[in-house]
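Reviewing the structure listed below.
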Amino acid sequence: MATRSVVLPDDLDLETPGRRDYWVALEHDTMWGAHLIPLTVFVGPRAEPGRGLVAFGSTHGNEYEGPSAIKGLLGEIDPARVLGRIVLVPVLNVEAFRTGTRDSVGADGVNLNRAFVEGAGRGAPLGGITHRIADLVRRQIWPYVHVVLDLHSGGQQIRFAPCASFHPIDDPELARSTRETARWFGTPLVMLYQNRTPGLLTSEAERLGKVTVGTELGWGEAVLAEGVRYGRQGILAAAVRHGQLDGEVEPIGHHASGTQFCAAIVDFDCYVPAPFEGHYEEVLPCGSRVAKGVLVGRLHDFGRIDEPGWPVEAPVEGIVVGQAWGARVRQGQFILCVGVEQSW
0 MATRSVVLPD DLDLETPGRR DYWVALEHDT MWGAHLIPLT VFVGPRAEPG RGLVAFGSTH
60 GNEYEGPSAI KGLLGEIDPA RVLGRIVLVP VLNVEAFRTG TRDSVGADGV NLNRAFVEGA
120 GRGAPLGGIT HRIADLVRRQ IWPYVHVVLD LHSGGQQIRF APCASFHPID DPELARSTRE
180 TARWFGTPLV MLYQNRTPGL LTSEAERLGK VTVGTELGWG EAVLAEGVRY GRQGILAAAV
240 RHGQLDGEVE PIGHHASGTQ FCAAIVDFDC YVPAPFEGHY EEVLPCGSRV AKGVLVGRLH
300 DFGRIDEPGW PVEAPVEGIV VGQAWGARVR QGQFILCVGV EQSW
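Taking numbering that gives the first Met the number 0, I'd label the letters of the sequence shown as residues 0 to 343.
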């Protein structure tokens with residue numbers, strides 16, 4: 000079992016060759032103590048300044064395939080095979096993970112994946128824990144890596160077709176490298192995601208010119224074997240293909256079989272918000288190809304028991320990327336998302 004050193008953020012060593020296992024201590028807001036974030040770094044003989052890979056799990060605290068995949072790799076990666084720099088953070092948002100919630104409801108109530116807003120929390124040691132985690136990422140991790148993997152799942156809110164995702168990227172070479180990194184996860188879907196949401200971890204990494212891939216590997220606050228497998232594959236493939244880990248990696252899943260598809264949910268027309276609070280019923284599964292207007296689900300108002308469910312229809316022609324997972328939905332919640340299929 001690894002012996003973890005408890006260190007303050009400024010005492011992290013991501014440069015000296017070898018393996019180091021840390022608990023990174025961030026001052027607790029209310030308890031006399033510290034939040035402890037697990038971080039393991041491998042540094043090999045060919046590590047270069049500003050080059051390396053980081054994989055994050057549990058940016059949201061109720062998404063578990065990423066933490067499980069990364070935790071498994073802690074005991075699997077052979078330090079002798081590491082050429083460059085690999086940083087593994089199985090649980091980034093430790094406060095939300097403690098309560099099993101999307102946001103840090105037991106502390107500052109902030110969603111970490113909305114905390115990477117320009118200027119928010121930068122150099123602010125007295126800010127809430129969520130913004131101080133973002134500051135840790137910015138100051139102590141970003142400068143040492145050029146590949147960023149942020150492993151998400153749908154939690155209780157939404158079920159996705161398992162996917163790796165990224166945003167539209169203007170730089171052609173960065174776009175190509177990002178797309179290929181996403182494909183190697185082996186998921187059935189590679190998703191081109193809208194970039195309007197403020198404060199995404201992946202958005203800031205992309206703005207810094209890093210090869211950045213997100214995922215949706217599961218749903219329902221479970222640990223799905225398929226999602227863990229895709230997460231493990233994506234990290235190892237990226238480490239090998241970006242020169243941080245020696246060896247070879249073979250494609251798996253839909254990447255290996257040639258059945259992988261790409262869909263874009265960039266336009267707002269791809270989304271269906273719930274017009275009223277109710278209960279969502281799935282009619283077609285995620286991954287289905289649909290024409291515009293095809294019935295994908297129903298939204299029920301059980302206070303009007305004799306009325307039929309409101310038809311949730313495909314807003315565009317394409318592929319059902321995601322839909323509500325938990326039956327109970329709020330007004331305005333996106334209950335269906337259909338992606339427009341893209342050519343490779």
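Cβ atoms here follow ideal geometry from the backbone N, Cα and C, with glycine treated the same way.
Just so it is clear, the structure is predicted and the values come from calculations on it, not from any experiment.
Given residue i as reference, the closest of the options once Cα atoms are compared
i    : options                : result
L335 : N112, F184, E306, S287 : S287
E249 : G308, G185, G198, P307 : G185
E14  : E75, G83, E306         : G83
L289 : A273, E340, V265, A326 : This sequence places Val at residue 289; Leu is not what is there. Measuring from the Cα of V289, the nearest candidate turns out to be E340.
R101 : L91, R137, V116, N61   : N61
G277 : Q330, V337, L72, E312  : Q330
S262 : L11, G226, Y192, L173  : The residue you asked about is not Ser; residue 262 is Ala in the sequence shown. Among L11, G226, Y192, L173, the Cα nearest to that of A262 belongs to Y192.
H145 : A224, L173, F165, H166 : L173
L72  : Q232, W324, E316       : Q232
V265 : G338, L111, S342, P16  : G338
G74  : G252, H59, Y63, F41    : F41
A326 : Y279, K291, L111, R175 : Y279
V311 : P272, W343, W324       : P272
D12  : R228, S152, Q139       : Q139
H130 : V147, P142, N112       : N112
Rounded C-alpha distance that separates residue i from residue j
i    : j    : result
G217 : V5   : 32 Å
D149 : E94  : 17 Å
C22  : V282 : What sits at residue 22 in the sequence shown is Trp, not Cys. If you take the alpha carbons of W22 and V282, they lie about 45 Å apart.
E220 : R3   : 28 Å
R178 : P78  : 28 Å
E247 : A237 : 11 Å
R206 : I304 : 49 Å
R19  : F301 : 55 Å
H241 : K209 : 12 Å
H27  : T98  : 15 Å
E215 : E203 : 19 Å
G269 : E225 : It is Cys, not Gly, that sits at residue 269 in the sequence shown. Distance between the alpha carbons of C269 and E225 is about 26 Å.
D245 : V81  : 6 Å
V328 : P274 : 10 Å
Identity of the residues DSSP links to residue i by a beta bridge
i    : result
W309 : L298
L133 : Rather than Leu, the amino acid found at residue 133 in this sequence is Ala. Note: A133 sits in no beta bridge, so no partner.
L148 : A54, V212
R158 : Q322
W22  : V5, P37
R97  : DSSP lists no partner for R97.
G352 : Any answer about residue 352 is impossible in this case: the structure gives the chain only from 0 up to 343.
G17  : V42
A181 : None, per the DSSP bridge assignment.
Does the count of Cβ pairs from the segment 49-56 and the segment 76-88 closer than 8 Å reach three?
Using a C-beta cut-off of 8 Å, the segment 49-56 makes contact with the segment 76-88, since at least three inter-stretch Cβ pairs fall below that distance.
Could I get the ranges of all uninterrupted beta strand (DSSP E) runs contained in the segment 183-240, with 3 residues as the minimum, in chain order?
Fully enclosed beta strand (DSSP E) runs of 3 or longer: 188-192, 210-215.
Three CB pairs or more closer than 8 Å across the segment 304-322 and the segment 158-178
yes
Contact between the segment 35-51 and the segment 102-111 (3+ Cβ pairs under 8 Å):
Touching, no, given that fewer than three Cβ pairs across the two stretches are closer than 8 Å.
With three or more C-beta pairs closer than 8 Å as the rule, is the segment 62-70 touching the segment 255-270?
no
I want to know whether the segment 124-134 touches the segment 288-303 - three or more CB-CB distances under 8 Å.
no
Mind pulling the beta strand (DSSP E) runs of 3 or more residues that sit fully within the segment 44-85?
52-56
Could you give the uninterrupted runs of the alpha helix (DSSP H) lying entirely in the segment 234-298, keeping only those of 4 residues or more?
252-256
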